[in-house]
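Below is one structure, written out as structure tokens; the observations come after it.
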Amino acid sequence: MKVVLENLTKIFPSRDKKAGKEVVAVNDFNFEIPDGKLIGLLGPSGCGKSTTLYMISGLQKPTSGKIFFGDDDVTELSTENRGIGLVFQNYALYPHMTVKQNILFPLQNLKGKDKLPKQEMLERAYEAARLVQIDDLMDRKPSELSGGQQQRVAIARALVKMPRVLLLDEPLSNLDARLRLQTREEIRRIQKETGITTVFVTHDQEEAMSISDMIVVMKLGVVQQIGAPQDVYDDPGNLFVAKFLGTPPINVLEGTVQDGKVYIGEDAVLNITGVEDQDVYIGIRPEGLEPAADGALVCHLNSLEVMGRDSSVVCTNEASLNPVIRAIINSDIKIDAASDVVRFDVKPHKFFLFNKETEERIRYEVN
Amino acid sequence: MQRKIIAVLLSVVMLFSICTMAGCRRGQKVDNTVSITGDIDLGDDIIEISFTHTMGAKLQDVLNTHIEEFNKIYPNIKITHQSAGGWSDINGQINTEIAGGNPPNIAYCYPDHVAMYNIAKSVVVLDELINTEYKIKGTDERSGLTAEQKADFIESYYNEGLVYGDNKMYTMPLNKSTEVLYYDKSFFTEHNLQVPTTWDELWAVCEQIKAIDPECYPLGYDAEDNWFITLCEQMETGFTSAEDGGQYLFNNAENKAIVKELREYYQKGYFTTQELYGSYTSNLFVETTDKRCYMCVGSSGGASYQMSNNDTPDGTFAFEVGVAPIPQANKDHKRTISQGPSLCILKGKNTSDKQVYASWLFVKFLCTNIDFQAEFSMASGYMPVLKSVTENENYAAWLARGNGYEYLVAKCVQVGIDGRDDYFVSPAFNGSSTAREQVGAMMLKCLSTDAANDAAVDALIEQAFKDAIEECEY
Amino acid sequence: MVESKHQWKAWLYLLPAIVLLLVFTVYPIFNTVRISLLEEYGAMAEMGLDEGEYFNFGLGNYEKVLQYKDFILCLKNTAILCVATVPISTILALLIAVALNSIKPLQKTLQTIFFLPYVTNSIAIGMVFAAMFNIVDYNAENILNSQSLGIINNVIQFFGGNPISWINQGSSYMANITVMIVYIVWNALPFKILILLGGLQSINKQYYDAAKVDGTPKWRVLTRVTVPLLSPMLAYVIITGFIGGFKEYSSIVGIFGDKMGPAHDPGLLNTMVGFVYDSIEKDRQGLASAAALILFGIILVVTLINNYVIKKRVHY
Amino acid sequence: MSNVINSNSVMQAKDIHMISTGQKVRRILAKTGTYAFLLVMALIVLFPFYWMIISSLKELSEYRQAIPTFWPQKVMWGNYSKAFSQANLGDLFMNTLYVGVVSTILSLVITVLSAFAFARLEFKGKETLFGALLATMMLPGELFTITNYITVSDLGWMHTFTALIVPFLVSVFYIYLLRQNFMQIPNELYLAAKVDGTTDLKYLWKVMIPLALPTLISITILKMMGAWNSYIWPKLVANDAEHQMITNGLRNAFTDVSGQADIPVQMAAVAIVSAPLFMVFLFLRKYIMQGVSRSGIKG
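Going down the list, the sequences are from chains Y, C, H and E.
For the first sequence, the working numbering gives the first residue as 1, with consecutive numbering after it.
For the second sequence, the working numbering gives the first residue as 368, with consecutive numbering after it.
For the third sequence, the working numbering gives the first residue as 842, with consecutive numbering after it.
For the fourth sequence, the working numbering gives the first residue as 1158, with consecutive numbering after it.
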């Protein structure tokens, strides 16, 4: 089932009546989520990603715009009639019910022609439980489960009624690091197996990148960029997206374009065409810096962290907006750790220019 | 945890019952008699006296001015007084205070209350204080009552202090009220009706009135218990006796016959009472358009309630109200119930003799001071207890007032004063208040419960009397 | 929990409370037990005893209480009032709290209104209720010929019903009890609403979102989600309700006055505490204490049963 | 109405339209019903209150009428000034305030200390003691009156504020309420404080009390309300002019010689007395609600 968001906007009236300011949580969101895909809504807190999710779920009504499931306009339809499954950030498992009762609960609400016989309800509950591999925990209470297990119960509860769309709100944020890795794979697997169009919300870019078919990066209610994770990473539309994606984060420096050359401080690091002379922000991915004896970019070497296959070169440059510049290099490349200075060449496809005012990407061609 | 609670509770109880065996006695019996062996010496030190009453603000003003008068004579007696609320409030409060050993020195009281206080032997026997011929040291004043003073008391009021079955004097009367018959004088004149003086006449008048206005209740009677007690007294059929610590005599055939007769009249619609009617019967009496009653028996102290809304203090009346003594059963044996506050002197473990003397002097002052008696009467609508009060010029003028709100009040007082030889108070003992409650309940039951036939009525009355006597004797 | 080597410290903190409780609660309880075992004990009678005289020690007071002809009636009234008012007031309070919690405009105003009885003097309210149910001049043949039917009957008539005598003569025991139930429920509502509303507002909203996503009907949300999540509050309200119900007395005086019943049958609605009060008033503290302890025993048993039943159902 | 949840069922545009209209209608109906229910209940709850107010504005004779009137024929504002002037309201108010404030402060200290001991400290017999305390709540308080009266008079406290304040300082109910609240505060905070070497009292003051503030405010209000409404006990132990409390003063001021009360004036007095409490609730409602909601949820 594809999900189409058309000019979706949500404005919250101000809480404080005197201040009178409205909060635009989501601004003119347009997107078509293809059928059967896993979509990650990504952004820092307050960017409107959860609001978007809640609007899709029907728990919140959009101020304007439309939502379609397939060809059906569901904007006016209430939550229970949309056929969605929703997994809450803290799971919202009913503490007084066992796992089995929790999973059965949505099925017991069906009525009329959708009503199922008891036996079938049980079968479907067990099926959902098996899918998330908790079928041996059915008689426990949520308080007797670990965080990861609770998460699975929540997913099973969302899946049991075979939703048209599955929505997950920060599904991994309450889990510890190891469980998070494991669970995100699990979510990916379940999504693949069921083929249900799935939207999930996260502030963790790594999480979004690792499992999503597509990601949507949002900031202050405005969609910044939509695309396959790698595409967005490789080709960020603006400084925000560039900064938001990638660990370690992108190195941002101040620079100027003059006469077809990009200068960082005194160093001309790249020859380009198609850009007028101006001050710019420069973004260089950590893997875009290549140590070279005669490299154009001269930095002050702080330390060298060898992490096995890769090494991280930590250095400083006066033009850098971050406290340090980080380069990830192959450990085979030797750096003189005793030296004060390290010189880099830059890889053009990891090297981005941004307008200093708008922070929009400035496209260039390498000379 | 629950088992633990129970275990703890049980062990506490057991532990305690062991220590109870010892039977530790609290407090000491106070000596409630006074013996005076010489002139009373109040000394010069301040003697503090507490006085608990039920007076409202208006009466407290009267009291305060007379405390000042009193202090002119006895400057070192300091009197503090407080209102305890209503009658049941003051009774409950003083009960607790006596049990705690700290009663006030002087209290407003009804005989039933005094009977309770007497269980603790806390009420000072007044005989010695009244009769002593010793003087107050340093003055010429006799500390007891002079012969004239005694003679000035309306006898039946004075004798209220003696109703406790042991021939001892426990209280002094302060101001009194009685039941009177209010009637619509305009109506009576218009229809040429005679104001009834006996019950037979009353029922005859009721029949006449019922013929004129079939919708009405000819008579409203506020208090069922008073009615029964009064009838017992008038017909000498027996209610209670204070002999031998109290006896309940009302469960007899004569009384059952009285109640049965009342039931017949009630069923005929001749009368109603406050409880049966569901509101004050005085409301029926002051009514001029809707259902009403033309006679109303109520307290002489409640005259203001017998005036309708449209009546104004300056004397515009919807109809003229007449006041008469209540009907009698036997003209040679007139009896009317007496109500209203008396004063008793209480003694706790810390009460000094001087306080008792000082209290007595104050009680004597209030009960024998003509000005106080007159002013109190005018402020409250209650009747003074001294015959000579009517000689007070102000008071005589007040009594003679021809119109206005106070006219009715004064008229009630006058009727009360006229009937002063007929008053009685039912005997008081531990349980006399229960008897009063129970006969009230019994009356209500007997009058209003449905019964199919005569036999059923008899059975009903039989049962109601039985219940009442059982409750009394429980 | 912290293993404290210094147990004395805990006791130190508890000292003021314990001292005061010992003096003003525990000692009176002991005294009550003692008095209940002294036959015919009265506080005033004790003051009036002669030197060397004392009350007999024994169970006479308990016997006497059990022999009281209306003892069963008092017990029955108490039990009926408890059993009827606690569920009704709890359910009503729950519904009101849930409804209040579900609205936005007027919520605060209504909340204040529902709390109002809590700060209104109880003396006034009893009189008002009695006046609302009171029929003036009850007419046995045709109730409509009565002078005033009272506001409640007027309402009943307005909706086409037949007026009945609630508290006056001709009223049935059922009618009397109904009035008492209405009054007691009314009285109990504000506190319960307050507690339950407080509880509701502390329930995580996501449970309701989850239920909504699942298309749970309102009724099922109430029974399957709200009530279980509110169960600690409900348990508290029910247990204290029962304890309060067993102590019912002043509300009956409020409606029927000291005679504790309709005109034709005074005492019909007397309760255990009413009996205790009566006895105290008549200086029969021995009897009063025995009756109070019997009542205490009953309350204790009921509370334990309550606890037992509720523990199985309450989710903490 | 069909309920579309199953993903397999295909929805037509018409269906959706029907469902969403139906939804709207149902939602409006539900809202209307909710409001209707609440308003009816509110009226029922308000009625006696309304009655109290109109009674306070009636003339005594009108109040005594057999057929009650719904609006005073003659509005007697004078009843209020009468209530003010007849009772010595200023003094009564100060006395009540004094007793209320002092007993509230002391009671809070005692309650906080006890609740802390029950919630955080470990000592022998804790559960038993707590259970026993709770059991005392089941006894009718009237039983204690006489014994306590004797105690107070033996201690020489008659006609003092002490007698009004001390006997009721400890309330098992408040201790229970606050203990529940304290138990909700994570134990780690206490352990952390212990590690830092904070004393118990400092921890109480700095951590527990701020976190339990709503409950403490609720207790304060309940306690003040207690002082406001107390009647029987003050009447026994300190009903003299210097110590009289507001309810006692108001109740006694309007009785006539026969002990009958001028009810309209009394009602006016009751209304006057209720007003401050009502205001307090109005302003502190939020805290009261929080206090209540936090205390009970954990057993």
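A virtual CB, placed ideally from N, CA and C, is assigned to each residue, including glycine.
Check C:Glu621 in the structure and name its three-state DSSP category.
helix
Neighbouring residues, chain A, relative to E:Ala1199 (Cβ below 8 Å)
No chain A is present in this structure, whose protein chains are Y, C, H and E.
For Y:Ser45, which of helix, strand or coil comes out of DSSP?
coil
Cβ-based contacts, 8 Å cut-off: residues of the region 463 to 478 of chain C near chain E:
Thr463, Glu464, Ala466, Gly467, Gly468, Asn469
In angstroms, rounded to a whole number, what distance separates the CA positions of H:Thr1144 and C:Met483?
38 Å
So H:Ile1096 is in the alpha helix (DSSP H); what residue range does that whole segment cover?
1091 to 1097
Below-9 Å beta-carbon distance, H:Tyr909 vs any chain C residue:
yes
C:Met745 at chain E interface by Cβ criterion, 9 Å
no
Go ahead and label Y:Thr197 buried or exposed: buried means 16 or more other beta carbons lie within 10 angstroms of its beta carbon, across all protein chains shown.
buried
Please work out which residues of its chain come closer than 7 Å, Cβ to Cβ, to E:Gly1456, disregarding the five sequence neighbours upstream and downstream, and give them in chain order.
Caution is warranted here: a pLDDT of 33 is assigned to E:Gly1456, below 50, making its placement in the model unreliable, and no coordinate value can be reported.
Members of the region 188 to 207 of chain Y near chain H, C-beta cut-off 8 Å:
none
Does H:Tyr959 come within less than 9 Å of chain E when only Cβ atoms are used?
yes
Within-9 Å CB hit, C:Glu838 to chain H
yes
Proximity test, Cβ basis, 9 Å: H:Tyr868 and chain E
yes
With DSSP run on the structure shown, which of helix, strand or coil describes H:Thr1064?
helix
Please state whether DSSP places H:Lys1152 in a helix, a strand or coil.
helix
Cβ of H:Glu1089 less than 9 Å from any chain C Cβ?
no
In the structure shown, what three-state DSSP assignment does Y:Leu167 receive?
strand
What did DSSP end up calling Y:Met214 once you bin it into helix, strand or coil?
strand
Distance between Y:Leu353 and Y:Ile362 (C-alpha atoms, nearest Å):
5 Å
Would you check whether the ligand FAD has a heavy atom nearer than 8 Å to the C-beta of C:Val688?
This structure simply doesn't include the ligand FAD, nor any ligand for that matter.
Rounded C-alpha distance that separates Y:Val232 from H:Leu1070:
45 Å
Any C-beta of chain C within less than 9 Å: which residues of the region 1252 to 1279 of chain E qualify?
none
Just reading off the beta strand (DSSP E) that C:His480 is part of, what are its end residues?
C:His480 -> not in any beta strand (DSSP E); alpha helix (DSSP H) instead, spanning 478 to 486.
Which residue marks the beginning of the alpha helix (DSSP H) containing C:Tyr661, and which one marks its end?
Segment 660 to 666 is the beta strand (DSSP E) holding C:Tyr661; no alpha helix (DSSP H) there.
Does the CB of H:Ile932 have a neighbour CB from chain C at under 9 Å?
no
Hey, C:Asn542 and C:Ser671: beta-carbon distance below 9 Å or not?
no
Restricting to Cα atoms, I'd like to know which of H:Met973, H:Gly1127, H:Pro928, H:Met1015 is closest to E:Phe1204.
H:Met973
When we look at the beta-carbon of H:Met888 and count the other beta-carbons within 10 Å, is it buried (16 or more) or exposed?
buried
Quick one, are the C-beta atoms of Y:Pro163 and Y:Tyr91 less than 9 Å apart?
no
For H:Lys1123, count neighbouring C-beta atoms within 10 Å of its own C-beta (all shown protein chains included) and say buried if the count is 16 or more, exposed if not.
buried
Could you list the residues in the region 998 to 1010 of chain H with a C-beta less than 8 Å from some C-beta on chain C, going in chain order?
Asn1009, Gln1010
Inspect the beta-carbon positions of Y:Ile328 and Y:Ser339 and report whether they are closer than 9 Å.
no
According to the Cβ coordinates, are E:Val1256 and E:Ile1210 closer than 9 Å?
no
Return the CA-CA distance between Y:Gln278 and E:Ala1350, expressed in angstroms with no decimal places.
57 Å
Since H:Asn1045 meets chain Y, which of its residues come closer than 8 Å, beta carbon to beta carbon?
Asn90, Ala92
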